[in-house]
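J.: Would you mind keeping the following structure in view while I ask a few things?
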Ligand code: SF4
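Residue numbers (this note's numbering): 117 to 346.
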């Protein structure tokens with residue numbers, strides 16, 4: 117079986133060097149993530165552009181904004197804009213009251229488990245979101261897995277993914293943790309390459325195996341089903 121380092125080389129040769137296309141600052145990511153619903157890069161980017169233009173994204177701007185104006189701006193990102201406007205106000209209020217208006221400064225000095233717990237108290241942030249913030253915010257080189265495509269690495273290595281999302285995420289995370297050096301740049305590179313591959317080629321349904329650069333190394337392509345299940 118090809119080493120993960122070699123798989124990543126193949127993905128990079130195929131997709132090119134990847135950069136995050138979202139704000140990597142932890143506070144700004146929390147805002148960006150609520151700019152679209154259902155959350156996707158495209159929906160969040162549209163809502164973000166509209167919110168930034170019409171209202172602004174700093175805690176002060178969000179707290180001062182008229183909720184109806186915020187909801188109108190967030191409509192560009194998809195459904196339930198009123199609810200998302202309310203959640204954004206909650207985020208801004210917490211950042212001001214609990215973190216002195218600067219989330220990064222406010223988190224400094226805390227242990228990683230405490231930072232993770234604090235992040236998970238924000239709306240729509242579970243472990244995958246917290247992992248993404250920890251890694252791309254430069255806080256800790258955790259083994260983050262792209263939340264919309266944890267199946268990519270699992271398919272390549274093990275075959276058909278399980279139905280349980282948490283199981284798939286943890287399997288992918290374990291592989292990254294054991295094979296990608298625990299450095300911010302290395303883990304971010306792995307995350308971005310698996311993400312782009314899941315978005316463009318190894319889609320959740322109907323993966324384009326016929327045009328995949330790692331098909332020759334892929335257990336799923338080789339017919340491995342693991343019996344489906346769980
Ligand atoms: S061969 Fe198919 S299942 Fe395997 S990584 Fe490529 S697209 Fe995904």
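Beta carbons: idealized from backbone N, C-alpha and C, even for Gly.
#1: Which residue marks the beginning of the alpha helix (DSSP H) containing residue 160, and which one marks its end?
#2: Heavy atom of the ligand SF4 less than 7 Å from the Cβ of residue 284, yes or no?
#3: Go to residue 185, then tell me how far its alpha helix (DSSP H) extends in each direction, as first and last residue.
#4: Between which residues of its own chain and residue 258 is the CB-CB distance below 8 Å, once the five residues before and five after are set aside?
#5: Tell me whether the beta-carbon of residue 270 lies closer than 8 Å to the beta-carbon of residue 288.
#6: If distances are taken between C-alpha atoms only, which option among 205, 314, 177 and 142 comes closest to residue 224?
#7: How would you write the range of the alpha helix (DSSP H) that residue 294 sits in, first residue to last?
#8: Would DSSP call residue 96 helix, strand or coil?
#9: What separation, rounded to the nearest whole angstrom, lies between the Cα atoms of residue 137 and residue 171?
#10: Got a sec, what are the start and stop residues for the alpha helix (DSSP H) residue 173 sits in?
#11: Which word fits residue 127, buried or exposed, when buried means at least 16 other C-beta atoms lie within 10 angstroms of its C-beta?
#12: Could you give the first and the last residue of the continuous alpha helix (DSSP H) run that contains residue 226?
#13: Rounded to the nearest angstrom, how far is the Cβ of residue 209 from that of residue 179, given a contact under 8 Å?
#14: Per DSSP, residue 275 is paired with what?
#15: From the DSSP output, in three-state form, read off residue 194 for me.
T.: From the atom records:
#1: What you label residue 160 is simply residue 44 of the chain shown in a count that begins at 1. 157 to 170 is the span of the alpha helix (DSSP H), which, as asked, contains residue 160.
#2: Along the chain shown, one-based indexing puts residue 284 at 168. Not under cutoff, so the answer is no.
#3: Here residue 185 is taken as the residue at index 69 of the chain shown, counted from 1. First-last of the alpha helix (DSSP H) with residue 185: 183 to 190.
#4: Taking the first residue of the chain shown as position 1, residue 258 is located at position 142. Excluding residues within five positions, the ones whose Cβ falls inside 8 Å are 228, 247, 250, 251 and 303.
#5: What you label residue 270 is simply residue 154 of the chain shown in a count that begins at 1. What you label residue 288 is simply residue 172 of the chain shown in a count that begins at 1. Cβ distance < 8 Å, so residue 270 and residue 288 count as in contact.
#6: Indexing the chain shown from 1 puts residue 224 at position 108. The shortest C-alpha separation from residue 224 is found at 142.
#7: For the purposes of this step, residue 294 is taken as residue 178 along the chain shown, with counting starting at 1. Element bounds for residue 294: 281 to 295.
#8: The structure shown does not extend to residue 96, since the chain is modelled only from 117 to 346, so the question has no answer here.
#9: The residue given as residue 137 occupies position 21 in the chain shown. The residue given as residue 171 occupies position 55 in the chain shown. Spanning the two alpha carbons is a distance of roughly 21 Å.
#10: The residue labelled residue 173 in the question sits at position 57 within the chain shown. Residue 173 -> no alpha helix (DSSP H), and no H or E assigned at all.
#11: Taking the first residue of the chain shown as 1, we reach residue 127 at position 11. The residue is buried, with at least 16 neighbouring Cβ atoms inside 10 Å.
#12: On the chain shown, position 110 is the one that residue 226 refers to. No alpha helix (DSSP H) holds residue 226; DSSP gives it neither H nor E.
#13: Taking the first residue of the chain shown as position 1, residue 209 is located at position 93. Taking the first residue of the chain shown as position 1, residue 179 is located at position 63. Rounded, the Cβ-Cβ distance is 6 Å, consistent with contact.
#14: On the chain shown, position 159 is the one that residue 275 refers to. Its beta-bridge partners do not exist; DSSP assigns none.
#15: If you number the chain shown from 1, residue 194 lands on position 78. Strand, per DSSP.
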